[in-house]
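Asks: The listed protein sequences derive, respectively, from chains V and F.
For the first sequence, position 182 matches number 184 in our numbering, and the numbering has no gaps at all.
For the second sequence, position 65 matches number 98 in our numbering, and the numbering has no gaps at all.
Before anything else, here's the structure in question.
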Amino acid sequence: MRAAANISTIRTPIKSFDVDRIRQDFPILKQRIHGKPLVYLDNAATSQKPQHVIDAITHFYCNDNANIHRGVHLLSQRATDAYETARIRIQKFINARHAHETVFVRSTTEAINLVARCLGSRIVGPGDEIVLSAMEHHSNIVPWQMLCEEKGAKLRIIPITDEGELIWDEFEKSLGPRTRLVTIVHMSNVLGTINPVAEMVQAAHSRGIPVFVDGAQGIAHARVDVQQLDCDFYAFSGHKLYGPTGIGVLYGKTGLLDSMPPYQGGGDMISTVTFEKTKYNILPYKFEAGTPDIAGAVGLGAAVEYLETIGFDSAIAYEADVLTYAAEALASVPGVRLVGTAKNKASVQSFVMKGIHPHDIGTIVDEFGVAIRTGHHCAQPLMDRYRLPATARASLGIYNTKQEIDILVEALSKVSEVFG
Amino acid sequence: MSYLNELYQQVILDHNKRPRNFGELEQANHHADGYNPLCGDRVTVYLKVQGDVVEDIRFKGVGCAISTASASLMTEVLKGKTVAEAGAVFKRFHSVVTGRSTDTSDLGKLAVFQGVSEYPVRVKCATLAWHTLQAALDGKADTVSTE
Numbered sequence: 003m004r005a006a007a008n009i010s011t012i013r014t015p016i017k018s019f020d021v022d023r024i025r026q027d028f029p030i031l032k033q034r035i036h037g038k039p040l041v042y043l044d045n046a047a048t049s050q051k052p053q054h055v056i057d058a059i060t061h062f063y064c065n066d067n068a069n070i071h072r073g074v075h076l077l078s079q080r081a082t083d084a085y086e087t088a089r090i091r092i093q094k095f096i097n098a099r100h101a102h103e104t105v106f107v108r109s110t111t112e113a114i115n116l117v118a119r120c121l122g123s124r125i126v127g128p129g130d131e132i133v134l135s136a137m138e139h140h141s142n143i144v145p146w147q148m149l150c151e152e153k154g155a156k157l158r159i160i161p162i163t164d165e166g167e168l169i170w171d172e173f174e175k176s177l178g179p180r181t182r183l184v185t186i187v188h189m190s191n192v193l194g195t196i197n198p199v200a201e202m203v204q205a206a207h208s209r210g211i212p213v214f215v216d217g218a219q220g221i222a223h224a225r226v227d228v229q230q231l232d233c234d235f236y237a238f239s240g241h242k243l244y245g246p247t248g249i250g251v252l253y254g255k256t257g258l259l260d261s262m263p264p265y266q267g268g269g270d271m272i273s274t275v276t277f278e279k280t281k282y283n284i285l286p287y288k289f290e291a292g293t294p295d296i297a298g299a300v301g302l303g304a305a306v307e308y309l310e311t312i313g314f315d316s317a318i319a320y321e322a323d324v325l326t327y328a329a330e331a332l333a334s335v336p337g338v339r340l341v342g343t344a345k346n347k348a349s350v351q352s353f354v355m356k357g358i359h360p361h362d363i364g365t366i367v368d369e370f371g372v373a374i375r376t377g378h379h380c381a382q383p384l385m386d387r388y389r390l391p392a393t394a395r396a397s398l399g400i401y402n403t404k405q406e407i408d409i410l411v412e413a414l415s416k417v418s419e420v421f422g
Numbered sequence: 034m035s036y037l038n039e040l041y042q043q044v045i046l047d048h049n050k051r052p053r054n055f056g057e058l059e060q061a062n063h064h065a066d067g068y069n070p071l072c073g074d075r076v077t078v079y080l081k082v083q084g085d086v087v088e089d090i091r092f093k094g095v096g097c098a099i100s101t102a103s104a105s106l107m108t109e110v111l112k113g114k115t116v117a118e119a120g121a122v123f124k125r126f127h128s129v130v131t132g133r134s135t136d137t138s139d140l141g142k143l144a145v146f147q148g149v150s151e152y153p154v155r156v157k158c159a160t161l162a163w164h165t166l167q168a169a170l171d172g173k174a175d176t177v178s179t180e
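Right, here's the structure in full:
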C-alpha cells in the first residue's frame with residue numbers, strides 16, 4: 003500500500019473527461035517521430051504508461067524492494083504489502099468476490115496455458131470438444147489445440163458474420179454433450195467486436211459447461227465485472243491496461259481453482275515440503291511458484307488506481323466517441339474498406355485499401371508520426387475467414403484524439419497519392 | 034519524405050502494379066514456396082533450368098509493393114543467367130538492401146531497392162522471393178520462411 007499510495011502523480015478526479023490533461027500524464031506522447039508529433043494508434047498491441055505507473059515502479063525499487071512472503075524484516079513486509087495491495091486493487095477493479103481469485107501470471111497467454119494444462123487436461127478426453135470462435139487470437143487457439151492433440155479431442159469453431167459478430171444460433175448448436183469448455187475472446191483484437199459474454203456464459207452454464215474469457219483487449223475498453231459476467235475464468239495482461247509488461251492476471255472462481263493442480267512447482271506455492279510429499283499452498287499462491295514480478299504487480303496495481311482516479315467509465319465513453327469518429331473518417335477515404343463493423347465494438351478499427359498492401363500503408367503513415375499495426379495480428383484463421391492476407395489496424399487508447407484521427411486520414415491520402 | 038521517395042521509387046510502384054513474369058510456369062523443373070509469417074506474404078517461384086542456365090523464371094503470390102516488385106524484377110534480371118550468376122546477384126542484392134554495401138554499380142535495375150536499407154523491417158519483404166529462389170534451386174521441399 004505504501005509503495006504506490008504515497009505517490010501523488012495522480013490528479014484529482016475529473017468530472018468530464020479532459021483528454022488534454024490525460025495526455026500530460028503520459029510522458030512518451032510528448033515526443034516527435036520523424037519530426038512529427040507521435041500519433042500512437044497501436045494500443046491493441048500495447049498501451050503507453052502514465053507517469054503514475056512509472057513512478058510506482060521506480061518508487062518500489064528505490065524504497066521497498068525485497069522478496070515477498072518470507073523475510074521477517076521490514077522491507078520484506080513492505081514489499082509484501084505492496085504486492086498484496088496491488089492484488090486487492092485489481093480484485094476490486096474486476097469485482098472478484100475474493101482477492102485469492104486474482105492470480106498473478108506473466109500474461110494472458112500464460113493464464114490460458116495454465117487453465118488448458120491444469121483444468122483442460124483433467125476435464126477433456128478423447129472425442130470431447132472445446133468451443134471457441136472464429137475471431138480468437140492465436141493465444142486462445144494454440145494452447146487448446148495442443149491439449150486436443152494430446153487428448154484426442156477437437157475444437158469446434160463458432161462462425162461469425164461479415165460484420166464480425168458471432169452467429170448466436172451456431173454458438174448454441176455448437177454446445178453439445180461432448181463440449182467440455184467454451185473459451186471466448188471478450189473483445190476481438192482485429193475486429194473490435196465485444197462478444198455477448200454474459201449471455202454466452204448463461205447458455206453454457208445451463209448445460210453445465212465452464213467458460214474461459216480471454217480479456218486481453220476487453221479489460222482496457224469495457225467495464226469488467228466478473229461476478230456479473232459469471233464467467234469461470236477471465237484473463238488479461240497488464241501492459242494493455244496502461245500497466246507494465248511481464249505481469250498479467252488470471253481470475254478464476256474459487257471452486258475451480260481449488261480443484262486444479264498447481265501449474266508449476268517451486269517456492270511460494272507450497273505449505274510444507276518433505277522428500278516424500280509436498281503439501282500445496284492455498285490460493286492464490288498455489289499458482290504463483292517462484293518469485294513473481296513484484297514490481298510488475300505494483301505497477302499494474304498503480305495502473306488500475308490511475309484509471310479509477312481519472313474515471314475509467316468516462317474514459318472508455320470518451321474513447322468510444324473517438325472510435326465512432328475514426329470509423330466514419332476512415333470509411334470516407336477513397337479506396338478504404340472497413341473490416342469489423344459490429345454494433346457492439348470498442349477501440350479497434352481494421353481496414354484495407356484497394357490495391358495497396360497494409361505493410362505499405364504502415365510504412366507511409368509512419369512518416370507522418372502515425373503508429374498503426376499492419377499484418378495478420380496473430381489471428382490467421384480470422385484473416386482466412388475474410389480472405390485477406392493482412393489488414394491495417396488503428397486501435398485507440400484513452401489519450402487519443404479526433405485530431406489524431408485527422409492526421410491518420412491525411413497520411414492515408416498520401417498513401418493513395420504514392421500508389422495512385 | 035525523402036526516405037519514403039527512395040523506398041517507393043517509380044520502378045517499384047510500376048512493378049507492383051504490373052508484375053512481370055507473373056503466374057505459373059508449366060515447364061518448370063524447379064519451384065518452391067516462400068512465406069513471411071510476419072505479414073502473411075506468400076510467393077511461389079518457378080524455374081526452368083537447362084544445363085546450368087535459368088531459361089525461364091516466373092512467380093505468383095500475394096505481397097506488399099516491395100515484395101511484389103522485388104519478385105518481379107528478380108525474374109527480369111535472372112532470366113538467361115547461370116545458376117552461379119543468380120546466386121552471386123542475390124548476394125550483392127542482399128548486402129545492399131541490408132545496408133552492408135552502398136555500391137549498386139553492378140546491380141542494374143535492382144539498385145532501386147537500396148532505399149529498403151533505411152527500413153530494416155522491410156528487408157524481409159525485399160528478400161522473400163530471393164530466399165524462395167534459392168530454395169527452388171537447392172531443391173528444398175518445405176516452404177521457406179523468412180523467420
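Ideal Cβ placement from N, Cα and C applies to all residues, glycine included.
My parser needs the alpha helix (DSSP H) runs of 4 or more residues fully inside the segment 46-112 of chain V; what are they?
Replies: Those alpha helix (DSSP H) runs which fall completely within the segment 46-112 of chain V and span 4+ residues are 53-61, 76-96.
Asks: Which residues does DSSP list as the beta-bridge partners of Pro212 of chain V?
Replies: Paired residue(s): none; Pro212 of chain V is not in a bridge.
Asks: Can you find the residues in the same chain that come closer than 7 Å, C-beta to C-beta, to Arg99 of chain V, ignoring five residues on each side of it along the sequence?
Replies: The residues are Gln229.
Asks: Using 8 Å for Cβ pairs, my map puts Asp57 of chain V next to Ala84 of chain V. What's the rounded Cβ distance?
Replies: So it is not a contact: roughly 13 Å between Cβ atoms.
Asks: Check whether the segment 303-323 of chain V touches the segment 68-77 of chain V, counting contact only when three or more Cβ pairs, one atom from each stretch, lie closer than 8 Å.
Replies: Segments in contact, no.
Asks: Since Pro391 of chain V and Gly73 of chain F are thought to touch, with beta carbons under 8 Å apart, how far apart are those beta carbons, to the nearest angstrom?
Replies: Rounded, the Cβ-Cβ distance is 4 Å, consistent with contact.
Asks: Below 8 Å on the Cβ atoms is my guess for Val21 of chain V versus Tyr401 of chain V; work out the distance and round it to an integer in Å.
Replies: About 6 Å; that satisfies the 8 Å criterion.
Asks: Indicate whether Val82 of chain F and His63 of chain F have their beta-carbon atoms separated by less than 8 Å.
Replies: Result yes, Cβ atoms of Val82 of chain F and His63 of chain F sit closer than 8 Å.
Asks: If you measure from the beta carbon of Ala117 of chain F to each beta carbon in chain V, is any gap under 8 Å?
Replies: Chain V, which has no Cβ nearer than 8 Å to the Cβ of Ala117 of chain F, makes this no.
Asks: State yes or no: is the C-beta of Ser352 of chain V within less than 8 Å of the C-beta of Asp44 of chain V?
Replies: Not closer than 8 Å, so no.
Asks: Ignoring anything shorter than 4 residues, give me the alpha helix (DSSP H) runs that lie fully in the segment 206-269 of chain V, in order along the chain.
Replies: Entirely contained in the segment 206-269 of chain V, the alpha helix (DSSP H) runs reaching 4 residues are, in chain order, 220-223, 228-231, 256-261.
Asks: Leaving out five residues before and five after Leu141 of chain V in sequence, what residues of the same chain have Cβ atoms less than 8 Å from its Cβ?
Replies: Residue identity differs from the one stated: residue 141 of chain V is Ser in this sequence, not Leu. Same-chain partners within the cutoff: Thr110, Thr111, Ile114, Asp216, Ala218, Cys380.
Asks: Taking a cut of 7 Å between CB atoms, which residues from the segment 343-370 of chain V lie near chain B?
Replies: Looking at the structure shown, chain B is missing, and the protein chains on hand are V and F.
Asks: For a contact defined as C-beta to C-beta under 9 Å, what are the partners of Gly96 of chain F on chain V?
Replies: What Gly96 of chain F touches in chain V: His359, His361, Pro391.
Asks: Taking CB distances under 8 Å as the criterion, tell me whether Met137 of chain V reaches chain F.
Replies: So, not an interface residue.
Asks: Over what stretch of residues does the beta strand (DSSP E) that includes Ala392 of chain V continue unbroken?
Replies: Premise fails: Ala392 of chain V is in no beta strand (DSSP E) and is neither H nor E.
Asks: Would Ser100 of chain F and Val129 of chain F be called neighbours here (beta carbons separated by less than 8 Å)?
Replies: No, the pair does not count as a contact, with Cβ atoms beyond the cut-off.
Asks: Measure how close the beta-carbons of Leu177 of chain V and Phe289 of chain V come, nearest whole angstrom, since I'm counting them as under 8 Å.
Replies: At roughly 28 Å, the Cβ-Cβ gap does not stay under 8 Å, so Leu177 of chain V and Phe289 of chain V are not in contact.
Asks: Any idea what DSSP makes of Arg51 of chain F, helix, strand or coil?
Replies: It is coil, neither helix nor strand.
Asks: Could you give the DSSP three-state label for Pro145 of chain V: helix, strand or coil?
Replies: Of the three classes helix, strand and coil, the one that applies to Pro145 of chain V here is helix, per DSSP.
Asks: What does Gly377 of chain V reach in chain F if we use C-beta pairs closer than 8 Å?
Replies: Leu71, Cys72, Gly73, listed in chain order.
Asks: Please name the residues in the segment 134-160 of chain F whose beta-carbon is closer than 9 Å to at least one beta-carbon of chain V, in chain order.
Replies: Under the 9 Å Cβ criterion, the segment 134-160 of chain F contributes Tyr152, Val154, Arg155, Cys158.
Asks: Are the C-beta of Phe95 of chain V and some C-beta of chain F separated by less than 8 Å?
Replies: Judged by the 8 Å Cβ criterion, Phe95 of chain V is not in contact with chain F.
Asks: With a CB to CB cut of under 6 Å and the five nearest residues on each side skipped, what residues in its chain are close to Gln266 of chain V?
Replies: Taken in chain order, the residues that qualify are Ala291.
Asks: Can you check whether the C-beta of Ala7 of chain V is within less than 8 Å of a C-beta belonging to chain F?
Replies: For Ala7 of chain V, the predicted structure reports a pLDDT of 42, less than 50, and the residue's modelled location is therefore unreliable. A value from the coordinates is still provided. Taking Cβ atoms only, chain F never reaches closer than 8 Å to Ala7 of chain V, which makes this a no.
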